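The block underneath contains the structure these notes are about, expressed in structure tokens.
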Amino acid sequence: MFFLDATDVVRQPEFSLKQSVSLASFTSYRVGGVADWLALPKTPGEIAESLSWAQENELPVTFLGAGSNLLVSDRGVPGLVICTRHLRGLTFDDDSGALTAAAGEPLPNLAWKAARRGWRGLEWAVGIPGTVGGAVFMNAGAHGACTADSLVVAQGVTQAGEAIQLTPENLDFAYRTSSLQSRMCWVTQAKFQLSPGHDPAQVVAETHAALEKRRSTQPYHLPSCGSVFRNPLPHTAGWLIEQTGLKAFQIGQAQVSPMHANFIVNIGGATADNVLSLIRAVQDQVEEKWDVRLHPEVRLLGSFDI
Ligand SMILES: Cc1cc2nc3c(=O)[nH]c(=O)nc-3n(C[C@H](O)[C@H](O)[C@H](O)COP(=O)(O)OP(=O)(O)OC[C@H]3O[C@@H](n4cnc5c(N)ncnc54)[C@H](O)[C@@H]3O)c2cc1C
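Whatever position you read off the sequence shown (first residue = 1), add 2 for the working numbering.
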């Protein structure tokens, strides 16, 4: 519950703060309603300040990176949304091969910059349109590699605005999961151990190849959240959905991609309700045929009736 409206007198914060902002343009799905408040901090200090402002005004807090793994409700998100995409900065330590990145840095940026220096270790990340913070939260990965493979340590901030260290041990990484998914604590910076000293042209060529492979097999041309469901090993979600005959199945303007069945794409003007209805329909039909309940990898923000 929150009690603030435009007529309330609020402390004028130092960080960028906007009221009633549509989140559709802050997500890769291009759907979703309005955030009551949106903060765009540029430094860890401004994040701590945003958190303290939310606490002062008794507002719930939600973090947003690039919004590439989110389905935001058509009704929007109550309280304060803190978007980290302006929290930028990359440092390469040539002596140790460590790359330190602010939470809002896009993963493809890390992959390309490391490749151009001849550093191996992040080629897999080039096609993942998320931020460093979102990658740690999700343990993002591709091509058999993931964030946990190279993360040395992350800096975080608690709800009380205290800085904390997050180690691989206390992040408790597993397949597309970290302990952050059940904690009120957020990433401000992460340090990765890479392997320097390779031929930059070779690493760049391999990074290009990884991106081209994804572009030719996945619907990068339409708004989506990437893979909608976790893979229920030993199967892949895409195979089960395809074998259930659901490729191109559509509800409203949300469609199971004909190119890759684990992608649900917005073919133009989809609502969040369209996407979630389709997710539920796919779960039900796959379960009926295979006796396997698919679990979403995409995170839901805000309230839904479906
Ligand atoms: C075309 C496409 C392809 C994709 N391919 C892949 C893939 O191959 N592999 C893969 O793993 N994913 C993939 N994804 C999904 C997505 O890019 C990843 O899950 C990514 O890690 C999400 O990062 P984000 O910054 O967009 O996080 P968001 O979507 O903004 O947020 C996701 C979750 O992370 C939390 N979060 C965000 N920032 C922070 C922070 N600083 N501290 C703590 N929590 C935070 C949010 O609260 C939210 O719960 C793909 C998505 C798309 C659109």
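Note that CB positions come from ideal geometry on N, CA and C, so glycine has one too. Quick caveat, the model's predicted, so the values are computed rather than measured.
Looking at the DSSP output, G158 sits in a beta bridge with I166, V189. In the structure shown, the three-state DSSP call for V277 is helix.
In this structure, L112 has its CB at a distance of at least 7 Å from all heavy atoms of ligand 1. Here DSSP, grouped into helix, strand and coil, assigns K291 to helix. In terms of Cα proximity to N71, the closest of A142, S197, D151 is A142. At a threshold of 7 Å, I130 counts as near ligand 1, since its beta carbon sits closer than that to one of the ligand's heavy atoms. Taking a 10 Å sphere around the C-beta of L235, we find fewer than 16 other C-beta atoms and assign the residue as exposed. With 16 or more neighbouring CB atoms inside 10 Å of its own CB, S52 falls in the buried class. DSSP places T93 inside the beta strand (DSSP E), whose first and last residues are 92 to 95. From the listed residues S18, V33, L19, the smallest Cα separation to S226 is found for V33. Nearest C-alpha to Q195 among V206, A150, F306: A150.
If you draw a straight line from the Cα of A50 to the Cα of V294, it is about 42 Å long. Under the three-state reduction of DSSP output, G240 falls in the helix class. In the DSSP annotation of this structure, the continuous segment of the beta strand (DSSP E) that includes V79 starts and ends at 79 to 85. In this structure Q255 is in contact with N268, their Cβ atoms being roughly 6 Å apart against a cut-off of 8 Å. Between the beta-carbon of A212 and that of G132 there is about 16 Å, and that puts the pair past the 8 Å contact cut. Around the beta-carbon of G199, fewer than 16 other beta-carbon atoms lie within 10 Å, marking it exposed.
Considering only L168, C148, L82, G129, the residue with the shortest C-alpha distance to L25 is L82. For W121, the secondary structure class from DSSP, reduced to helix, strand or coil, is coil. For Y177, the closest of Q167, C148, I166 by C-alpha to C-alpha distance is C148. Contact between the segment 201 to 210 and the segment 117 to 124 is present, with at least three C-beta pairs closer than 8 Å. A straight line joining the alpha-carbon of E125 with that of A144 spans about 9 Å. As the crow flies, the alpha-carbon of H223 is around 28 Å from that of I308.
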